[in-house]
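Taking it in order: structure first as structure tokens, then the write-up.
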Amino acid sequence: MDQPVSFSTTSYDKNSYNKVIDTSFTQLGVKTIDEQIAIQPTTNEFFSMYNDMFYEIPELGANNSHEYLIKKSSEYVGFEANQEEIIALQAEIAQLRTDLLDAQKQNIQLQTGTPL
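Per my numbering, the sequence shown runs over residues 152 to 267.
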């Protein structure tokens, strides 16, 4: 019943090892930086994809939406939409608050008969 078992081994020297043995991690799906850069879309390809998917992208949302793109792009270029109109409206609100306060003071004076 006993049968001899023979083992064979192959050994490589330091210089030929890398030529014979594949030491990359291709089986794990890890890509090199050059491979990752190569698969990135160009600016033209990105905008082409964006235009193709325009109506599939949700309007609102914290991520992956038109709202998100607008906010991110606005932050990047320092764009503040309608800033002049916002400033004018804030000034008008401040004036209306002052007018309201004055009207409330007059109302109190008329009701109490004492100046404030």
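Idealized CB from N, CA, C, for every residue including glycine.
Inter-residue spacing [alpha-carbon to alpha-carbon] between residue 238 and residue 231: 11 angstroms
Contact under 8 angstroms by Cβ, residue 208 with residue 216: yes
Through-space distance from residue 233 to residue 247, alpha-carbon basis: 21 angstroms
Rounded Cβ spacing between residue 218 and residue 210 (contact assumed at less than 8 angstroms): 7 angstroms
CA-to-CA distance, residue 153 to residue 180, given in whole angstroms: 45 angstroms
Range of the contiguous alpha helix (DSSP H) that encloses residue 238: 234-263
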